Every structure is written in structure tokens, then in C-alpha cells.
Amino acid sequence: MNPLALLGDYTIQTVAIGAALLGAVGGVLGTFAVLRRQSLLGDTLSHAALPGICLGYLWAGARQLESLLAGAFLTGALAAVTVLVIVGRSRLKTDAALGVVLSVFFAVGVVLLTRIQQTGGAGQAGLSSFLFGQAAAMLRGDVVVMGSLAGAALLLVTAFWKEFKLVTFDRDFAAAAGLPVAALDLALTVMIALAIVVGLQLVGVVLMTAMIVAPAVAARQWTHRLEATVLLAAGFGIVAGVSGAVTSAAAAGLATGPVIVLAISAIVLVSLLLAPGRGIVWTALAARAERRRLRGRQVLLTLYRLAKEHHDPAYPAEKGTLDAYHGTETAGVLGRLEAEGLVRPVSHPPEPTPHWKLTSKGRERAEDLASSGEERR
Amino acid sequence: MTGWREPVRSPEEPALHEPGLALHVEDLTVSYGGAPVLWDIDLDIPKGVMAAIVGPNGAGKSTLIKSVLGLVRPVAGHVRIFGLRYREARRRVGYVPQRSSVDWDFPVTALDVVMMGLYGRLGWFRRPGRRARAEAMAALAQVGMEDYASRQISQLSGGQQQRVFIARALVQQADIYFLDEPMAGVDATTERAIVAILHRLRDAGKTVVVVHHDLQTVRSYFDWLVLLNVRIIAQGAVPETYTAENLRRAYGGQIALLDQQEAPLVEPVPEPEPKPTDPHHLEAGQS
Numbered sequence: 001m002n003p004l005a006l007l008g009d010y011t012i013q014t015v016a017i018g019a020a021l022l023g024a025v026g027g028v029l030g031t032f033a034v035l036r037r038q039s040l041l042g043d044t045l046s047h048a049a050l051p052g053i054c055l056g057y058l059w060a061g062a063r064q065l066e067s068l069l070a071g072a073f074l075t076g077a078l079a080a081v082t083v084l085v086i087v088g089r090s091r092l093k094t095d096a097a098l099g100v101v102l103s104v105f106f107a108v109g110v111v112l113l114t115r116i117q118q119t120g121g122a123g124q125a126g127l128s129s130f131l132f133g134q135a136a137a138m139l140r141g142d143v144v145v146m147g148s149l150a151g152a153a154l155l156l157v158t159a160f161w162k163e164f165k166l167v168t169f170d171r172d173f174a175a176a177a178g179l180p181v182a183a184l185d186l187a188l189t190v191m192i193a194l195a196i197v198v199g200l201q202l203v204g205v206v207l208m209t210a211m212i213v214a215p216a217v218a219a220r221q222w223t224h225r226l227e228a229t230v231l232l233a234a235g236f237g238i239v240a241g242v243s244g245a246v247t248s249a250a251a252a253g254l255a256t257g258p259v260i261v262l263a264i265s266a267i268v269l270v271s272l273l274l275a276p277g278r279g280i281v282w283t284a285l286a287a288r289a290e291r292r293r294l295r296g297r298q299v300l301l302t303l304y305r306l307a308k309e310h311h312d313p314a315y316p317a318e319k320g321t322l323d324a325y326h327g328t329e330t331a332g333v334l335g336r337l338e339a340e341g342l343v344r345p346v347s348h349p350p351e352p353t354p355h356w357k358l359t360s361k362g363r364e365r366a367e368d369l370a371s372s373g374e375e376r377r
Numbered sequence: 378m379t380g381w382r383e384p385v386r387s388p389e390e391p392a393l394h395e396p397g398l399a400l401h402v403e404d405l406t407v408s409y410g411g412a413p414v415l416w417d418i419d420l421d422i423p424k425g426v427m428a429a430i431v432g433p434n435g436a437g438k439s440t441l442i443k444s445v446l447g448l449v450r451p452v453a454g455h456v457r458i459f460g461l462r463y464r465e466a467r468r469r470v471g472y473v474p475q476r477s478s479v480d481w482d483f484p485v486t487a488l489d490v491v492m493m494g495l496y497g498r499l500g501w502f503r504r505p506g507r508r509a510r511a512e513a514m515a516a517l518a519q520v521g522m523e524d525y526a527s528r529q530i531s532q533l534s535g536g537q538q539q540r541v542f543i544a545r546a547l548v549q550q551a552d553i554y555f556l557d558e559p560m561a562g563v564d565a566t567t568e569r570a571i572v573a574i575l576h577r578l579r580d581a582g583k584t585v586v587v588v589h590h591d592l593q594t595v596r597s598y599f600d601w602l603v604l605l606n607v608r609i610i611a612q613g614a615v616p617e618t619y620t621a622e623n624l625r626r627a628y629g630g631q632i633a634l635l636d637q638q639e640a641p642l643v644e645p646v647p648e649p650e651p652k653p654t655d656p657h658h659l660e661a662g663q664s
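Below, the structure is given as C-alpha cells:
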């Protein structure tokens, strides 16, 4: 089916809008989480949301989104505070504290979930969908809830932009300049928890961290400005959300949440490989070019020194000498230097082996290199 | 102008305490849970000097600056800057943290970083505008970095990064500057440039306090010296304070090595017992 026609479908529209909201808020707050080296915090918060969802269900007595999300937010926040307390009061490092809190809260969540499922009750079946998300269960009203949460978080980020930027980059300087750094830390953590709550229904607690970490990681590859990173992360999140929603709708039987995560993962993969300046392929190519340039300069200098030692500017050096001196085959380097007009192959009878000498242009270049090298020393 | 934290002064307290001094520290003790990192520090730095805080590794030099700036909560003691509490004097203080304390891969340009020095004066909800930009550019020019304004900070050399940090402190237009190891890991040219900037500040009547690691340059760069090794070993004008006896007391057995212009090879054994963990290490774990 035509994907654009799919977007006309009311249910798919609902899911796509929800996914776009999630992508945007996850991208924006995820950028801060990743730059603050708190990627794992998102994972802990989302797993810790599960017991909250169950408690919310028990409290409301039904599968009512507002109370489920309120519960999720509360236990998520409790988990975050627990991590802070553990790190502050014990010798555990942050990663260990995050791991401990994640497993404890998630285990409690699973215990509560299985308990609720066994005791039965109307509508409890939908509860386990929070593990991996269930797009089909989403209603227009849910999108309104998600939208207001996302809107509130984005509004706060805009209002306190420079404060969040400074406290993320240089906490000590921010504190010395009079910023209430503890309150700003708390605000950012709370907003990351909000972003997670926004995505729970769609992506589920297990995969939710991907929507926080992945857009930011991808966006960071393409730009050197925080403003651009945040906007790009939001854009990547939206694209992945909508395309994931539409793809899973087009191919029956594909779960929406995981498809969205796969979509953002594809964006991450492309960014990690290809982004100019930072991508793996890009840096590998740049490193190879640099290696070649360096090798070329070295061979040029060797020819220059040999000529100098023999008091003959046009001294023909045997290729075997060059190979031996550099400990490697120099044919490729010599070929490239010849293409630049810096060296020329010559025969040097009676020796049958290939010889090379500097052209006048090559000699000038080598003299420049030699003198700049001395300056540096 | 609305600042981030307006000074609060309770009426029953005396407003000023030692206002004639740029920095006054009394009975300051700091501990990260184990043995004290700073022990009973009494310190006075007069206005308008360029002061070096010098001592062996683990002497608590950075911690001293951080406690003065309220970044580390002391166990005991108090600090006054121009007679005021730090919170009240904050607008008159410029700070250059250790270069290694931030992530230089952070997506900001050199100009962005310098503008951060203006955030405190801007206060809540106000964005830096054209005037802030011009001020930041002027500060970059002062440190000879105007051509690098739009460079991402990871593309700068260590010395250039340090100069950007100093430019950020310059836009704070402070009366007293605290710099944590500004000459660490920079080339000789940058070091000369940094010292020239700091001397200009001092000649303009500012007070400059520098955590410094190179004993050889103390006499040529500084006019005031604080020798620290958990306790204050000596403090005063450089000619009277920079003596072999004082250095020996600060560095213990390492002074022989230092005479040969070598870096200390052995960890110093300060009194009281050295703490089990490096303070920076601990802080990193807490943040």
C-alpha cells in the first residue's frame, strides 16, 4: 500500500503523531542526557517505570493512561533519586548504582505485573504491552496527553536554554557563576523522565532508552553546535518515529515500537559511518590520505638527502635503496609523486634496476620541507 | 539586571570582614570523608598582586580554590573576598577551571564558550545578544584567538583551549581571578602569552591567584607566594617566601630532585597521613 495513503488512516495518523512527539522530545532531552554522560540514566528510568505502571493500574482499578503514566513518572523519579543518594552516600560509581537500581525496580515491576495478570480483572491484558509498547492501543486522547507532556518539557528547555547549556558543559564554572546547579540537574533528570513517560505506550520500557540515546548520538556526528545538535536530534527522532509507525502499519504483524527503534538505529549506523569529520569511513579515508601525504614527503626528503650527500642535485637513487630505507615498497608513493611532477624515473646504466631522481620542482618542495622541519625543531 | 542568585545578607551579621584584603581564608578545613585534604588554612592575599599557590601533588591546591568559590563544602572555616562572602562577591570573581575538567568534544565553538562568561550577568531568561557577542569577540582578541571564534573547541590545541578559557574569565570583568593550572600542558609561546595577559590584569589593579606547578618560574611570574601542602607552609611576598628552607618544608625529600629541574617522582608524604583517594577522582565519581 502507498505509505502516504496510510497516513490518511485515522488510527495510523494517531500513532504517527505520537511517534513524532516521542521522537522530538526524546531527541531534545536525549542530547542533554548523552552530553552529560547519562545515557544509562534513561535506561534505568524507563525500566523503573514498570512498577509505577502496575501501581497506577492498581490505584485506578483500570487501564487508564493518566494514572499509569503518573505512576510511571513517580517510580522513575524515585529511581533517579535513589541513584543520586547511592552515588552520594556510598563508594559505588554511577554506572554500578544505575545497574543496581534498574534491576531492583524492574524486578519489582515484573513481580507486580505477573501478580496482576494472575488475579485477572478487566483490561489488565493491555498492561504487559508496556514492556515492548503497543501502538494499536493508542487513542487520540493519549496523543493529547503525550503532546502536553512533550510540550511542557520542550518549553522548559527553551526557557532555560543557556543555563542547561552551561551546566552541561562546565558544572564547576556554572556553580561558581551562581547557577543553582543541583536544581538544574534535577530539572533535566525530571524532564528525561517525562520524555520516557511520553514514549512508554508506544515503545515500551525495555527499548525506550534507544529513543533517548540514539537520536542524540546520530545528530552529534553531523554538527559542532549544540543548537544544531538538538534540532537535528529532534528531526531524526521525528523521522524515525513516523517512518517506523508507517512501516509497521504497512506490513501487518510488525510491532511498532521495535520498528521505530530499528529506524533510529539505521540513522545512527549511517551517521557513525558516513558523517563528514567524525564518521568512521570518513576518518579512515582522511587518515589514509594523511598517511600517503606523509609517506610522500618522507620519500621526497630521502631523495633530497641522498642527492645532497652525493653532491649531485640530479642524483639517481636506486629504488631498492629507497625500499630498504623506508622498510616498505615505495612504487606506489613514487608513482603518486611522479604524477605530481616531483620525481622522474631514470635509467642508470650499467645497473639494470629502476632509479628515481628529483625534478627541479621536487627539489624545491623538498627544500621547503627540510627548512620547515628545522624551524619546528 | 536580575542575577542568578541575588546576594542575601542577614542583618545581624557584620557586613564586612577584612575588607582590605582581596582574599581572606580563616580556619579552613576540607575533607572528602577520609583524612583532611586541607587542614586549618589561614590565608591572606592582598589586593593587586599576582599570587601563586604552589605545592606538591595532592597538596590540595585545586581544593583550596574550589572551597573559596563555594564548589567544595568545607568542614570548618570561612572565606571572605574583599570582605564579603563568596555569594555576595560573586560578580567580582573570575574563574578558570582546570582545562581537563570539561569535555572538549562538546558541540560548542570557541565564541560560545567565551559567551558563557556573560551568562551570570545576563541572568535568567535573557539571551546573549549582539553586545554580548561583541564583548566575547573582544575578549578572544585579547588572548589572540579572534581568528578561531567559530572553531569547534575540539579542533583547538591545548594552549588555544586554555586561552579560550581565559577569555571566558576576562568577559566576567572581575576584580579577582582564580586560575587552576592555566600553564599545565601548554607550549612555551602560549605560556608567555598567558603570563602577559595576567600581568596586564594585575597592572590594572586586579588580583590574580594562580595554582601553579612549576617552581622554576615562580620568581619571574609572581609577586606573592602561597606554599601549600595540606597545611599552609609559608605565605608572603615572593622574595621573602621563596626560600630553600620553605620549599624543603613544602616538598619534603623531593627538593633534591627539584633542584635538578625534575618533576617529583615520589608522591609526597604530607602531614597528616595522605588521604587514600585522590580528591579529583572522588569528585568525578560524585558528579
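If you read the protein sequences in the order shown, they are chains A and B.
Residue numbering for the first sequence follows this note's numbering, starting at 1 and increasing by one per position.
Residue numbering for the second sequence follows this note's numbering, starting at 378 and increasing by one per position.
Beta carbons are placed, not taken as given, at the ideal position from N, Cα and C, and that holds for glycine.
Every value quoted in this text rests on a predicted model; they were computed, and no experiment measured them.
Task: Nearest residue (CA-CA) to residue 34(A), options 79(A), 210(A), 346(A) - done: Within the first sequence, residue 34(A) is the residue found at index 34, counting from 1. Among 79(A), 210(A), 346(A), the Cα nearest to that of residue 34(A) is on 210(A).
- [ ] Output, in chain order, the set of chain A residues within a Cβ distance shorter than 9 Å of residue 478(B).
- [x] Numbered from its first residue, the second sequence carries residue 478(B) at position 101. Residues of chain A whose Cβ lies closer than 9 Å to the Cβ of residue 478(B) are, in chain order, 170, 171, 172, 173.
- [ ] Starting from residue 404(B), follow the beta strand (DSSP E) in both directions and report where the run begins and ends.
- [x] Along the second sequence, read from residue 1 onward, the residue named residue 404(B) stands at position 27. Unbroken beta strand (DSSP E) run through residue 404(B): 398-408.
TODO: Would you please state the rounded distance, in angstroms, between the beta carbons of residue 175(A) and residue 448(B)? I believe it to be under 8 Å.
DONE: Against the first sequence, residue 175(A) aligns to sequence position 175. Against the second sequence, residue 448(B) aligns to sequence position 71. By a beta-carbon distance limit of 8 Å, residue 175(A) contacts residue 448(B). Their separation comes to about 5 Å.
- [ ] Classify residue 501(B) as buried or exposed, calling it buried when 16 or more other Cβ atoms lie within 10 Å of its own Cβ.
- [x] As a first step, residue 501(B) is located in the second sequence; it is residue number 124 there, counting from the start. So residue 501(B) ends up on the exposed side.
Open item on the list: Is there a C-beta anywhere in chain A that falls below 8 Å from the one on residue 664(B)?
Closed with: For the purposes of this step, residue 664(B) is taken as residue 287 along the second sequence, with counting starting at 1. Residue placement at residue 664(B) is poorly supported in this model, since its pLDDT is 35, which falls under 50; the coordinates are not used for a value here.
Task: Contact set between residue 726(B) and chain A, taken where Cβ atoms lie within less than 9 Å - done: Any answer about residue 726(B) is impossible in this case: the structure gives chain B only from 378 up to 664.
Open item on the list: I'd like the span of the alpha helix (DSSP H) that includes residue 258(A), first residue to last.
Closed with: Sequence index remark: in the first sequence, residue 258(A) carries index 258 (1-based). DSSP places residue 258(A) in the uninterrupted alpha helix (DSSP H) bounded by 256-274.
- [ ] Can you give me the start and stop residues for the alpha helix (DSSP H) that residue 439(B) sits inside?
- [x] On the second sequence, residue 439(B) is found 62 positions in, with the first residue counted as 1. Start and end: 438-445.
TODO: Could you round the C-beta distance between residue 306(A) and residue 365(A) to whole angstroms and report it? I think they count as a contact, below 8 Å.
DONE: In the first sequence, counting from the first residue as 1, residue 306(A) sits at position 306. In the first sequence, counting from the first residue as 1, residue 365(A) sits at position 365. Cβ atoms of residue 306(A) and residue 365(A) stay farther apart than 8 Å, at about 15 Å.
Task: Distance between beta carbons of residue 525(B) and residue 487(B), contact taken as under 8 Å - done: As a working mapping, residue 487(B) is identified with position 110 in the second sequence. As a working mapping, residue 525(B) is identified with position 148 in the second sequence. Sure, about 5 Å apart at Cβ, within 8 Å.
TODO: Counting only the same chain and skipping the five closest in sequence on each side, list residues whose C-beta sits under 6 Å from that of residue 618(B).
DONE: To locate residue 618(B), count along the second sequence from 1; it is residue 241. In its chain, beyond the 5 residues on either side, 602, 611 have a beta carbon closer than 6 Å to the beta carbon of residue 618(B).
Open item on the list: Under 8 Å, Cβ to Cβ, is there at least one residue of chain B near residue 82(A)?
Closed with: Here residue 82(A) is taken as the residue at index 82 of the first sequence, counted from 1. With its beta carbon at least 8 Å from every one in chain B, residue 82(A) lies outside the interface.
TODO: Compare the C-beta of residue 529(B) with all C-beta atoms of chain A and state if any pair is closer than 8 Å.
DONE: On the second sequence, residue 529(B) is found 152 positions in, with the first residue counted as 1. Answer yes: the Cβ-Cβ gap between residue 529(B) and chain A drops below 8 Å somewhere.
Open item on the list: Suppose contacts are defined by Cβ-Cβ distances below 8 Å. Is residue 495(B) in contact with residue 505(B) by that definition?
Closed with: Position 118 of the second sequence, counted from the start, is the residue given in the question as residue 495(B). Position 128 of the second sequence, counted from the start, is the residue given in the question as residue 505(B). Closer than 8 Å, so yes.
Task: DSSP three-state assignment for residue 501(B), whether helix, strand or coil - done: On the second sequence, residue 501(B) is found 124 positions in, with the first residue counted as 1. If DSSP states are grouped into helix, strand and coil, residue 501(B) belongs with coil.
Task: Helix, strand or coil at residue 318(A) according to DSSP, with G and I counted as helix - done: Indexing the first sequence from 1 puts residue 318(A) at position 318. Under the three-state reduction of DSSP output, residue 318(A) falls in the strand class.
TODO: Take the Cβ of residue 81(A) as the centre, count every other Cβ of all protein chains shown within 10 Å, and call the residue buried at 16 or more, exposed below.
DONE: Here residue 81(A) corresponds to residue number 81 of the first sequence, with the count starting at 1. By the 10 Å Cβ count, residue 81(A) comes out exposed.
Task: Contacts around residue 478(B), its chain only, beta-carbon distance under 6 Å, and the 5 residues preceding and following it disregarded - done: Counting from one through the second sequence, the residue named residue 478(B) turns up at place 101. Excluding positions up to five away in sequence, the list is empty.
Task: Three-way DSSP call (helix, strand, coil) for residue 352(A) in this model - done: Within the first sequence, residue 352(A) is the residue found at index 352, counting from 1. For residue 352(A), the secondary structure class from DSSP, reduced to helix, strand or coil, is strand.
Open item on the list: Please state whether the Cβ-Cβ distance between residue 336(A) and residue 363(A) is less than 8 Å.
Closed with: Here residue 336(A) corresponds to residue number 336 of the first sequence, with the count starting at 1. Here residue 363(A) corresponds to residue number 363 of the first sequence, with the count starting at 1. The Cβ-Cβ distance between residue 336(A) and residue 363(A) does not fall below 8 Å.
Task: Cα-Cα separation between residue 11(A) and residue 30(A), rounded to whole angstroms - done: For the purposes of this step, residue 11(A) is taken as the residue at position 11 of the first sequence. For the purposes of this step, residue 30(A) is taken as the residue at position 30 of the first sequence. The alpha-carbon separation between residue 11(A) and residue 30(A) amounts to approximately 28 Å.
Open item on the list: Which residue wins for smallest C-alpha separation from residue 572(B), given the options 466(B), 451(B), 519(B)?
Closed with: Stepping through the second sequence from its first residue, residue 572(B) is reached at position 195. Out of 466(B), 451(B), 519(B), the CA that lies nearest to the CA of residue 572(B) is found in 519(B).
TODO: Return the CA-CA distance between residue 193(A) and residue 273(A), expressed in angstroms with no decimal places.
DONE: Working through the first sequence from its first residue, we reach residue 193(A) at position 193. Working through the first sequence from its first residue, we reach residue 273(A) at position 273. About 30 Å.
Task: residue 472(B) in three-state terms, based on DSSP - done: Counting from 1 along the second sequence, the entry for residue 472(B) is found at position 95. The three-state reading of DSSP puts residue 472(B) in strand, counting E and B together.
Task: Residues of its chain near residue 278(A), where Cβ-Cβ distance is below 7 Å and the 5 sequence neighbours each way are ignored - done: Locating residue 278(A) in the first sequence gives position 278, where the first residue counts as 1. Within the same chain, residue 278(A) has close Cβ partners 221.
Task: Test: residue 638(B) CB closer than 8 Å to a CB of chain A - done: In the second sequence, the residue the question calls residue 638(B) occupies position 261. For residue 638(B), the predicted model reports a pLDDT of 45, less than 50, meaning its position is unreliable; a value from the coordinates is still stated below. For residue 638(B), the answer is no, since every Cβ of chain A falls outside 8 Å of its Cβ.
- [ ] Count the other C-beta atoms from every protein chain shown that fall within 10 angstroms of the C-beta of residue 527(B), then say buried if there are 16 or more, exposed otherwise.
- [x] The count along the second sequence starts at 1 and reaches residue 527(B) at position 150. With fewer than 16 Cβ atoms within 10 Å of its Cβ, residue 527(B) is classed as exposed.
- [ ] Identify every residue that forms a DSSP beta bridge with residue 413(B).
- [x] Start at 1 with the first residue of the second sequence, and residue 413(B) comes out as number 36. Listed as beta-bridge partners of residue 413(B) by DSSP are 408(B).
Open item on the list: I want to know whether the stretch 181-195 of chain A touches the stretch 122-142 of chain A - three or more CB-CB distances under 8 Å.
Closed with: In the pairwise beta carbon analysis, the stretch 181-195 of chain A is classified as not touching the stretch 122-142 of chain A: fewer than three pairs are separated by under 8 Å.
- [ ] Anything in the stretch 495-523 of chain B with a Cβ closer than 8 Å to a Cβ of chain A? List those residues in chain order, please.
- [x] Within the stretch 495-523 of chain B, contact with chain A at the beta-carbon level (separation under 8 Å) is assigned to 496, 497, 499, 501, 502, 504, 505.
- [ ] Report yes if the CB atom of residue 436(B) is closer than 8 Å to the CB atom of residue 623(B), and no otherwise.
- [x] The sequence position of residue 436(B) within the second sequence is 59, counting from 1. The sequence position of residue 623(B) within the second sequence is 246, counting from 1. No, the pair does not count as a contact, with Cβ atoms beyond the cut-off.
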